[in-house]
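Residue numbers (our numbering): 2 to 490. Idealized CB from N, CA, C, for every residue including glycine. Note that this is a predicted model, so its numbers are computed, not measured. Worksheet for the structure shown next.
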């Protein structure tokens, strides 16, 4: 991975609490206890040019799965003991977490990354392009611009979430990423290869859902300095200054995404995630939380469709019944997200949903390193955006396909403050020095309308203005007539 210089930021850029040098060995089979959470190698190391474990062909497994298409069912997953499992950024950061959160709050904004579908079975190069560029975002002179974490949108490891590929597809590409990584599982994280006895989500749970366990590196880390994440489960609320992210697990079907039993259609599932979502939204309402509310789910509710005939562009379809489940929880509580983030489709797509005078971006960011999927072909009409789309939920909303990138790998850089939520798209091919997004959208948190971005002044500008105001005040005081007290003469 590209060499990372030390950030000049303060607490928000704290890289690795309790970090210690690692002895990387992908063949390790031991759990390593640590003094605290660790996020990235203390000394950046070069990118690998090949996998340590050769990934065998999955073609036969996919032939079997294709023959079962239409009969496959979602798989059950661990249900949390509480209605709303949650974790704070401070929880993940360890003993310095509260101080870091306080510093972010004082700074007035939080920045974080999001991307999906980073796993790659062919080799490390494409994953590294994206990871390297995200790491370069930590080389900021303004502390407020330094990211605080990465939120992964699923499909961490292909093709069946196998533990033996976690080192090559997750730990090694992100070896220099100096912050916590949270994740919701994608379908490939929960899929089970045919004719095997593996448990669905087993490796994901081991590496991301270690809540209540002492800090440790898993065997899959190969000794690299990243401890298992302490998420409370595969669906959960992440609380951080200025933002709450409600993560949902949309299960292991290729399409569509599923978060409930859908009135008995999927008897292996329950309504636990609907209860969770409604509980989380209700708490937002009760606490009068006025920050950004984001829903993260691997399968996208919307994917691009051509005008005529109505054809899906690309290989993946939308998930209208999943969207109806989400809408029902929002309608019941009166609380709606400011944005919805997804992966699954291996490209970048951005939509605007207008409902009840509110505008909500739906963003697909599934071009994190796995094989890209083009939205156009010789048989498919050109996609000229903006383009109206069919409504998939209650029919009262309007959907516009705003922009896309199906030719490059990339990721999202997201900024939230007291007034706005800004989502930026950055292609990896722009290079690590380029910091201008190729696409962006900003939502006003109060009006829930898409607006122009109010660019915050840098901390250096703020400090200079504060110093100048103080100097002007002192000059005025020095020039002001003195008020002489009685008895002076």
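Indicate the three-state DSSP secondary structure (helix, strand or coil) for residue i in the structure shown.
i           : result
residue 343 : strand
residue 334 : helix
residue 431 : helix
residue 12  : Confidence in residue 12 is poor, its pLDDT being 38 and thus under 50, which makes the residue's placement too unreliable to answer from.
residue 221 : helix
residue 461 : For residue 461, the predicted model reports a pLDDT of 49, less than 50, meaning its position is unreliable and no value from the coordinates is stated.
residue 328 : helix
residue 206 : helix
residue 175 : coil
residue 141 : coil
residue 241 : strand
residue 384 : coil
residue 211 : coil
residue 146 : helix
residue 165 : helix
residue 321 : helix
residue 230 : coil
residue 170 : helix
residue 378 : coil
residue 194 : coil
residue 50  : coil
residue 510 : Given a span of 2 to 490 for the chain in the structure shown, any question on residue 510 remains unanswerable.
residue 443 : strand
Looking at C-alpha atoms only, which residue of the options is the closest neighbour of residue i?
i           : options            : result
residue 392 : 108, 118, 302, 203 : 302
residue 36  : 74, 75, 95         : 95
residue 217 : 292, 32, 62        : 32
residue 178 : 129, 92, 192, 100  : 129
residue 110 : 119, 192, 145      : 145
residue 383 : 407, 363, 82, 361  : 407
residue 221 : 269, 193, 163, 60  : 163
residue 161 : 247, 248, 252, 223 : 252
residue 235 : 444, 260, 449      : 260
residue 417 : 410, 118, 455, 409 : 455
residue 77  : 415, 268, 238, 361 : 268
residue 125 : 170, 75, 232, 183  : 170
residue 151 : 158, 115, 133      : 115
residue 377 : 387, 430, 322, 314 : 314
residue 53  : 143, 168, 142, 157 : 168
residue 39  : 225, 86, 276, 211  : 225
residue 82  : 276, 372, 140, 166 : 276
residue 228 : 141, 41, 445, 72   : 41
residue 184 : 364, 342, 360, 336 : 342
residue 433 : 153, 293, 135, 206 : 135
residue 395 : 446, 329, 361      : 329
residue 420 : 441, 339, 431      : 339
residue 61  : 428, 195, 45, 105  : 195
residue 441 : 363, 331, 93, 426  : 426
Output the boundary residues of the beta strand (DSSP E) element that contains residue i.
i           : result
residue 410 : First-last for residue 410: undefined, no H or E at that position.
residue 153 : 151 to 153
residue 352 : 349 to 356
residue 365 : 359 to 366
residue 183 : 182 to 184
residue 201 : Looking at the DSSP string, residue 201 is not in any beta strand (DSSP E), and its letter there is neither H nor E.
Is the Cβ-Cβ distance between residue i and residue j less than 8 Å?
i           : j           : result
residue 121 : residue 370 : yes
residue 412 : residue 366 : yes
residue 186 : residue 155 : yes
residue 374 : residue 348 : yes
residue 213 : residue 202 : no
residue 173 : residue 49  : yes
residue 400 : residue 354 : yes
residue 219 : residue 208 : yes
residue 346 : residue 317 : yes
residue 356 : residue 398 : yes
residue 352 : residue 403 : yes
residue 147 : residue 139 : yes
residue 415 : residue 113 : yes
residue 304 : residue 350 : yes
I'd like to confirm something about residue i: is its beta-carbon nearer than 7 Å to some heavy atom of the ligand ZN, or not?
i           : result
residue 221 : The ligand ZN is not part of this structure, which contains no ligands at all.
Could you give the residue range of the alpha helix (DSSP H) that holds residue i?
i           : result
residue 132 : 126 to 137
residue 398 : Note, residue 398: premise wrong, no alpha helix (DSSP H); not H, not E.
residue 190 : 188 to 191
Residue ranges of each alpha helix (DSSP H) run of no fewer than 4 residues wholly in the region 53 to 113, ordered along the chain?
60 to 68, 90 to 94, 98 to 108
* Every unbroken beta strand (DSSP E) within the region 247 to 315, with a cutoff of 3 residues, ordered by chain -> 293 to 298
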